[in-house]
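Asks:
Residue numbers (the numbering used here): 645 to 753.
Right, here's the structure in full:
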């Protein structure tokens with residue numbers, strides 16, 4: 645099954661995450677690879693007691709410039725390996741990662 649992957653990451657770490665995606669075969673569409681879309685925005689969070697925040701302090705709402713990276717994950721990608729590598733490289737203790745199943749375009753009329 646193909647997936648649509650979305651990862652939110654601080655701007656300084658976006659290229660690292662895009663590299664991991666490409667090195668794992670994410671973003672391959674037809675005769676193209678390394679395909680992705682990015683948009684910048686502001687991420688907000690408050691670290692609660694017991695957290696170990698990369699940015700900010702416990703109990704304080706933080707705002708961070710982030711990049712939303714989206715890409716297609718072909719069905720031959722090892723999702724377990726991919727997610728392990730993203731989490732290892734991502735600076736956040738709890739990265740925001742969304743994985744959405746994709747319909748097969750050929751079956752939609």
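Glycine included, each C-beta is placed from N, C-alpha and C at the ideal position.
According to the neighbour-count rule (16 or more other Cβ atoms, all chains shown, within 10 Å of its Cβ), is residue 671 buried or exposed?
Replies: It counts as buried.
Asks: Against chain C, does residue 649 count as a neighbour if the rule is that its beta carbon must be under 7 Å from one of theirs?
Replies: The displayed structure is made up of one protein chain only, and chain C is not part of it.
Asks: At 3 residues or longer, and completely inside the stretch 654–734: list those beta strand (DSSP E) runs for me, N to C.
Replies: Counting only runs of 3 or more, we get 681–690, 705–717.
Asks: With three or more beta-carbon pairs closer than 8 Å as the criterion, would you say the stretch 700–718 touches the stretch 654–668?
Replies: Verdict: yes, contact present.
Asks: Return the CA-CA distance between residue 700 and residue 691, expressed in angstroms with no decimal places.
Replies: When rounded, the distance between both Cα atoms is 8 Å.
Asks: Could you tell me which of 674, 746, 751, 696 sits nearest to residue 650, measuring between CA atoms?
Replies: The candidate whose alpha carbon is nearest that of residue 650 is 746.
Asks: Given a cut-off of 7 Å on the beta-carbon distance, is the pair residue 688 and residue 707 in contact?
Replies: Yes; because the gap between Cβ atoms is below 7 Å, this pair is in contact.
Asks: Figure out for me which residue from 654, 736, 674 has the closest Cα to the Cα of residue 697.
Replies: Among 654, 736, 674, the Cα nearest to that of residue 697 is on 736.
Asks: Tell me where the beta strand (DSSP E) around residue 812 begins and ends.
Replies: The structure shown does not extend to residue 812, since the chain spans only 645 to 753, so no value can be given for it.
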